[in-house]
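To keep things clear, I will list the structure first and then write my remarks on it.
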Amino acid sequence: MSYTPPYHITATAVNLIAEISEKIGMLTAFSDNPLHVQLRKKNRIKTIQSSLAIENNTLTIDQITAIIEGKRILGPPKDILEVKNAVKAYDILMELNPYKEKDLLKAHRLMMADLVTESGKYRTSGVGIFNGKEVIHVAPPAQRVPLLMSELFEWLKKSKEHPLIKSCVFHYEFEYIHPFEDGNGRTGRLWQTVILKKWKPVFAWIPVETLVKKKQQAYYNAFNVSNNNADSTVFIDFMLTLINDSISEILDKQNDKKVTVKVTVKVTVNQQKIINALKDNPFVTQKELATIVGITEKSVKSNMKKLQQNNIIRRIGADKNGHWELISPQ
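Per our numbering, the sequence shown runs over residues 4 to 333.
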């Protein structure tokens, strides 16, 4: 391998990778839920709105939803065009190959069509990264960009690192190189998602950009520290934390829907214990419930059957890999 980006993997990163991997397994289990398609749509809109808001786009979630639905809205023409372009780019997300440089150029071409003169082409002049009016990074000279990007993609293809690490390193190195005239931020965030969805497709619907927007100053600070250190370690830890927090937010919302169920039919003390246990862990087994409640496994099965008959709980997915869900009584 001709080039290896400078970084090292901290204990924090190792722990975050383990947490993220576990939570991704839980999140994937929700794919059988009929609300999953609706959730994916909402998250995609949040992703687009947040990523563009970081670049000073003023359109709201409702306005972007209207654009996607083909409705006309009032707003700055440039902002509307940015949204339409981003929608086109994210529409082909699942088709993009993270290891193909030409796919990156294609994504940029869609993202920046009619917004810059060199959409889908590497820049031919100097650029810098700004936080407001403050210059936080002057990118390498334009003539070095093709080689730097070629080396970065070569590393991405051959590296044996965990995909989570590779996605963060690529994100940092991409922003350091700043290969395009404009649109580097939104394209870099998109490409991290492209890398991650290759590992776990559910990443295509996780709006990490929402937390980047909320913690925009911390995002720039992490980049700046890594830039000063000539090492992306700090940026890696920061991005892994954001990814972990983004997944946690989705899981918390899913669990909140379950916890807020009001049981209006009469239940026994043991049945209430089972309900409480399912609130805490929808993936709990009947054998584990027997220990928690203090009754036999046969009694657990009998009580859960009654709860299902009363439309208080239901099974989502297969016996082996599924989970329990609390539902409103009918």
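We treat Cβ as the ideally placed atom computed from N, Cα and C, and that holds for glycine. Since this is a predicted model, take the numbers as computed values, not measurements.
(request) Have a look at SER162, VAL287 and TYR6 and flag the residue whose alpha-carbon is nearest the alpha-carbon of LEU151. (result) Start at 1 with the first residue of the sequence shown, and residue 151 comes out as number 148. LEU151 has its Cα closest to that of TYR6, out of SER162, VAL287 and TYR6.
(request) Assuming ILE184 contacts VAL119 (C-beta within less than 8 Å), just tell me the rounded distance between them. (result) Your numbering for residue 184 matches position 181 in the sequence shown. Your numbering for residue 119 matches position 116 in the sequence shown. Here residue 184 turns out to be Glu, not Ile, going by the sequence shown. About 5 Å; that satisfies the 8 Å criterion.
(request) Helix, strand or coil for HIS140, going by three-state DSSP, please let me know. (result) Position 137 of the sequence shown, counted from the first residue, corresponds to residue 140. Three-state result, HIS140: strand.
(message) DSSP three-state label for LEU77, please.
(response) Translated into positions along the sequence shown, residue 77 becomes position 74. In the structure shown, LEU77 sits in coil (DSSP, three-state: anything other than H, G, I, E or B).
(request) Grab the span of the beta strand (DSSP E) containing HIS11 for me, first residue to last. (result) Counting from 1 along the sequence shown, the entry for residue 11 is found at position 8. Careful: HIS11 lies outside any beta strand (DSSP E) and carries neither H nor E.
(request) Drop a sphere of 10 angstroms on the beta-carbon of PHE133, count the other beta-carbons inside from all chains shown, and report buried for 16 or more, exposed for fewer. (result) Position 130 of the sequence shown, counted from the first residue, corresponds to residue 133. Label assigned to PHE133: exposed.
(message) Let me check understanding here. Comparing Cα to Cα, which of TYR175, SER24 and LYS163 lies closest to ALA142?
(response) Counting from one through the sequence shown, the residue named residue 142 turns up at place 139. Of the listed residues, the one whose Cα sits closest to ALA142 is TYR175.
(message) If contacts are defined as beta-carbon pairs under 8 Å, then ILE250 and ILE27 qualify, I think. What distance do you get, rounded to the angstrom?
(response) In the sequence shown, counting from the first residue as 1, residue 250 sits at position 247. In the sequence shown, counting from the first residue as 1, residue 27 sits at position 24. Right, their Cβ atoms sit about 7 Å apart.
(request) Note down, in chain order, each residue of its chain lying with its Cβ closer than 6 Å to the Cβ of HIS181, except the 5 sequence neighbours on either side. (result) The residue labelled residue 181 in the question sits at position 178 within the sequence shown. Hits under 6 Å: VAL130, ALA142 and ASN187.
(message) So within the stretch 214-252, which uninterrupted alpha helix (DSSP H) runs reach at least 4 residues, ignoring any that extend past its ends?
(response) 219-232
(message) Could you compute how far the alpha carbon of GLN275 sits from the alpha carbon of ILE298?
(response) Working through the sequence shown from its first residue, we reach residue 275 at position 272. Working through the sequence shown from its first residue, we reach residue 298 at position 295. Rounded to the nearest angstrom, the two C-alpha atoms are 13 Å apart.
(request) Could you pull out every unbroken alpha helix (DSSP H) segment of at least 4 residues lying fully inside the stretch 89-153, listed in chain order? (result) 104-115
(message) Would the stretch 217-233 count as touching the stretch 155-167 if we require 3 or more Cβ pairs under 8 Å?
(response) no
(message) What does the Cβ neighbour count give for GLN146, buried or exposed, with the cut at 16 atoms within 10 Å?
(response) Taking the sequence shown and counting its residues from 1, the one referred to as residue 146 is at position 143. So GLN146 ends up on the exposed side.
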